[in-house]
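In the numbering used here, the protein residues as written are 2 to 219.
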């Protein structure tokens with residue numbers, strides 16, 4: 002059975018058309034086939050156990066089901082397409098490099114530079130080190146973190162996949178660092194910044210996170 006992780010490469014027509022339409026609406030003046038091909042290849046890199054094509058597809062589905070709440074949905078979607086374009090769990094600065102890639106790709110396609118700059122800004126917010134403070138940033142970050150509030154089985158699978166991406170880290174070290182990251186999310190009040198995601202996922206996310214922290218520290 003085909004896995005969702007291979008959707009971008011095995012069913013390029015739908016997603017390629019969506020990407021091309023998006024960039025055209027953002028002002029692109031040249032074909033984006035090469036941009037899409039490079040982006041699709043990146044999302045399907047074999048080391049991406051969680052941060053692969055399935056995460057991108059899920060983000061797009063979450064965005065489709067959410068109200069804009071004042072955000073520019075097209076700019077948010079562009080940021081989601083690129084937010085993990087560069088993903089190396091052994092390196093820092095992935096979001097910075099992803100933002101730079103987005104800026105270059107937007108410029109290559111002829112998208113106006115202010116739009117490219119805004120897309121890059123939103124990508125940097127998905128580091129989740131500083132809470133977003135504007136509608137577009139709130140929406141982009143909530144979409145990216147929506148996995149935290151899914152049903153327990155889905156969340157547990159997410160945690161297993163994150164661990165697999167860091168399989169090279171010693172168990173004790175991983176447990177301590179992962180617990181610290183999750184505790185940081187738990188300290189946020191609220192965790193989700195838009196009313197839609199707060200209503201939909203806030204309570205379950207907190208239950209999931211508390212359970213995971215207990216397991217990590219057990």
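From the three backbone atoms N, C-alpha and C, an ideal C-beta is built for every residue, glycine too.
Item: So, for residue 175: in the same chain, excluding its five sequence neighbours on each side, which residues have a beta-carbon less than 8 Å away from its beta-carbon?; Value: 164, 167
Item: Given residue 118, which residues of its chain have a CB within under 8 Å of its CB, disregarding the five upstream and five downstream residues?; Value: 104
Item: I think residue 77 touches residue 123, with their Cβ atoms under 8 Å apart; what is that distance to the nearest whole Å?; Value: 7 Å
Item: Helix or strand or just coil, what does DSSP make of residue 198?; Value: helix
Item: DSSP three-state call for residue 178: helix, strand or coil?; Value: helix
Item: By Cβ distance below 6 Å, which residues in the same chain neighbour residue 50 in space, the five residues on each side in sequence not counted?; Value: 162, 165, 166
Item: Between residue 172 and residue 125, how many whole angstroms is the CB-CB distance? I'm expecting something under 8 Å.; Value: Not quite, the Cβ-Cβ distance comes to about 31 Å (not below 8 Å), so this is no contact.
Item: For residue 219, count neighbouring Cβ atoms within 10 angstroms of its own Cβ and tell me buried if that reaches 16, exposed if not.; Value: exposed
Item: Spatial neighbours of residue 6 within its chain, please: C-beta separation below 6 Å, excluding the five flanking residues on both sides.; Value: Below a pLDDT of 50, predicted positions are generally treated as unreliable, and residue 6, at 45, falls in that range; no measurement from the model is reported.
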